[in-house]
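Visitor: First residue of the sequence shown: 29, per this note's numbering; consecutive thereafter. Glycine is no exception: its CB is placed at the ideal position from the N, C-alpha and C atoms. Would you mind keeping the following structure in view while I ask a few things?
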Amino acid sequence: MDNKIDYNTLLDFSAGKYSYSDYLKVKHWFSHVKNDKVTEKQLFNQWKEFAVNSGHEAESMHHIFEKIQYHILLEEKKREKKTYLWHYYRQAAAILLIPVLAFSLWFYLHPKPDAQPVAESWVEINAPDGSRVEFFLPDSSSGWLNSGSKLKYPAVMGENRHVELTGEAWFNVKHKDNFHFTVCVPDMDVKVLGTQFNVTAYPGDAFTDVVLAEGKVEINGKAGVFNYTLSPDEKISFNRETKSLNLNQVDASRYSAWKDGYLIIDNEPLGQVVSRFERWYNADIEIQDVALKNYRFKATFKDEPLEEVLRLIAVTTPIKYSIEKRAVDEKGVYKKKKVTIKLK
29 MDNKIDYNTL LDFSAGKYSY SDYLKVKHWF SHVKNDKVTE KQLFNQWKEF AVNSGHEAES
89 MHHIFEKIQY HILLEEKKRE KKTYLWHYYR QAAAILLIPV LAFSLWFYLH PKPDAQPVAE
149 SWVEINAPDG SRVEFFLPDS SSGWLNSGSK LKYPAVMGEN RHVELTGEAW FNVKHKDNFH
209 FTVCVPDMDV KVLGTQFNVT AYPGDAFTDV VLAEGKVEIN GKAGVFNYTL SPDEKISFNR
269 ETKSLNLNQV DASRYSAWKD GYLIIDNEPL GQVVSRFERW YNADIEIQDV ALKNYRFKAT
329 FKDEPLEEVL RLIAVTTPIK YSIEKRAVDE KGVYKKKKVT IKLK
């Protein structure tokens, strides 16, 4: 490497303005001529000439040499630190790599037991008595659960989409080509491709009902042998006691109005309506006179409290009622309302 160097390079280096190649050049030069009096004198004369021409004050070359030495030492420290870190990380990586390689070798060479089927995971949604719950399924289908109902569905829905219902629910099924959606209840399976419909299958009720609003559904019986395809505004009822099936033309919107807060009684016997009142208002209702159970009436209520509903029914029917004060059990929890209905 050439031992000659320009004083401008030294000046920039002493001010910390240099590249890595400048550093190597200055370091080589400085290690050979820093004690060379002749070279120092020549540089000093060049510096005095430069200072006079540029208006700077002449400065001792010793001071510049001290700055050069400082930056050389500083750069060497940086290089030493980088080298140390590189060796440290390389050693650490080598240490960590050993168990990884050992595990990989064991995994591929170790004999594997026969794969066991993964158990299907299910999710359950509950709508407590006196409430209505909106739900959304993994396949983008949605709907509502009525009071006292339960819906179970697989956490991962595959090609065969199926859910299990206890109680009442309204479904808005997302259409997917060749991917059926099935609602399973104790008496039947309701299979659809994409539609809106209502299913009622409470354990204590005498009937299982399906009402179709849009699209088509296929009803496949379990307890009895039947198969039927439902069209919009049709209602199919399965009598659990007689195992008989009944089909009617209806206004489907009336059977899903409950999700919007409407309680609609459409010429139904009081004995059948009472169970709906009990779930809707989370109450126990007793009809003391058997004749009242067959008494039919029509009414529509919108978010009315139980007391107001009973008062309005009593205006149009020959009944009287009493509501007991809610008691507290041994755990400090309020019990259900107790209502008694009888003839006037």
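Among Lys178, Ile351, Leu371, Asn255, whose alpha-carbon lies nearest the alpha-carbon of Lys363?
Guide: Across the set Lys178, Ile351, Leu371, Asn255, the C-alpha of Ile351 shows the shortest separation from the C-alpha of Lys363.
Visitor: Does DSSP classify Arg189 as helix, strand or coil?
Guide: strand
Visitor: In three-state DSSP terms, what is Tyr230?
Guide: coil
Visitor: What residue from Ala241, Asp294, Thr236, Phe209 has the CA that sits closest to Leu273's CA?
Guide: Thr236
Visitor: In whole angstroms, give me the CA-to-CA distance for Asp357 and Glu162.
Guide: 31 Å
Visitor: Give me the DSSP bridge partner(s) of Glu296.
Guide: Phe325
Visitor: For a minimum of 4 consecutive residues, which ranges assigned as the alpha helix (DSSP H) are wholly contained in the region 238 to 286?
Guide: Segments of the alpha helix (DSSP H) lying fully in the region 238 to 286: 280 to 283.
Visitor: Please tell me whether Gly158 and Tyr309 are closer than 8 Å, where the distance is taken between their beta carbons.
Guide: yes
Visitor: Using 8 Å as the cut-off, can you tell me whether the region 197 to 207 makes contact with the region 162 to 172, which would need three or more C-beta pairs spanning the two stretches below that distance?
Guide: Contact holds: three or more Cβ-Cβ distances are below 8 Å.
Visitor: According to the neighbour-count rule (16 or more other Cβ atoms, all chains shown, within 10 Å of its Cβ), is Lys263 buried or exposed?
Guide: buried
Visitor: In the DSSP assignment, the beta strand (DSSP E) including Ala311 goes from what residue to what residue?
Guide: 311 to 315
Visitor: Rounded to whole angstroms, what's the CA-CA distance from Val367 to Lys321? Just pull it up for me.
Guide: In this model, Val367 and Lys321 are separated by some 15 Å (Cα to Cα).
Visitor: Helix, strand or coil for Asp167, going by three-state DSSP, please let me know.
Guide: coil
Visitor: Output needed for Tyr117: all residues of its chain with C-beta closer than 7 Å, excluding positions within five of it in sequence on either side, in chain order.
Guide: With a pLDDT of 46 at Tyr117, under the threshold of 50, the predicted position of this residue should be treated as unreliable, and no value is reported.
Visitor: Between which two residues does the beta strand (DSSP E) holding Asp155 run?
Guide: Looking at the sequence itself, residue 155 is Ala, so the reference to Asp does not match. In the DSSP assignment, Ala155 falls within the unbroken beta strand (DSSP E) covering 150 to 155.
Visitor: In the structure shown, what three-state DSSP assignment does Ser350 receive?
Guide: strand
Visitor: Rounded to whole angstroms, how far is the Cβ of Ile214 from the Cβ of Leu240, which I believe are closer than 8 Å?
Guide: Note that residue 214 is Pro in the sequence shown here, rather than Ile. That belief does not hold up - the Cβ atoms of Pro214 and Leu240 are roughly 20 Å apart, past 8 Å.
Visitor: Looking only at C-alpha atoms, which of Leu334, Ala280, Ile341 sits nearest to Lys365?
Guide: Residue nearest to Lys365 within the set Leu334, Ala280, Ile341 is Leu334 (criterion: CA-CA distance).
Visitor: If we call anything under 8 Å between Cβ atoms a contact, is Gly243 one with Thr223?
Guide: yes
Visitor: Can you name the start and end residues of the beta strand (DSSP E) that Thr210 belongs to?
Guide: 209 to 212
Visitor: Hey, how far is the Cα of Phe325 from the Cα of Glu336?
Guide: 16 Å
Visitor: Could you tell me the boundaries of the alpha helix (DSSP H) in which Leu340 lies?
Guide: Run containing Leu340: 334 to 344, per the alpha helix (DSSP H) assignment.
Visitor: Inspect the beta-carbon positions of Asp317 and Leu275 and report whether they are closer than 8 Å.
Guide: no
Visitor: Within this structure, are the beta carbons of Ile293 and Val302 separated by less than 8 Å?
Guide: no
Visitor: Of all the options Pro297, Asn188, Lys204, Ser149, which has the alpha carbon lying nearest to the alpha carbon of Pro182?
Guide: Ser149
Visitor: Write down the C-beta distance between Gly176 and Ala155 rounded to the nearest angstrom, noting that I regard them as a contact closer than 8 Å.
Guide: 7 Å
Visitor: Between Ile153 and Lys180, what straight-line distance do the alpha-carbon atoms span, to the nearest angstrom?
Guide: Cα to Cα, Ile153 sits roughly 6 Å from Lys180.
Visitor: Out of curiosity, what's the CA-to-CA distance linking Phe209 and Val220?
Guide: 5 Å
Visitor: Should Ser82 be labelled buried (16 or more other beta-carbon atoms within 10 Å of its own) or exposed?
Guide: Residue confidence is low: Ser82 scores 49 on pLDDT, short of 50, so the model does not pin down where it sits. Its coordinate-derived value is still stated next. Answer is exposed; the Cβ neighbour count stays below 16.
Visitor: Kindly identify the DSSP beta-bridge partner or partners of Gly195.
Guide: Ala229
Visitor: Using only alpha-carbon positions, find the residue among Tyr290, Val245, Arg354, Pro346 that is nearest to Phe329.
Guide: Selected option, being the one with the closest Cα: Tyr290.
Visitor: Checking 8 Å against the spacing of the C-beta atoms, do Asp217 and Asn248 come in under that value?
Guide: yes
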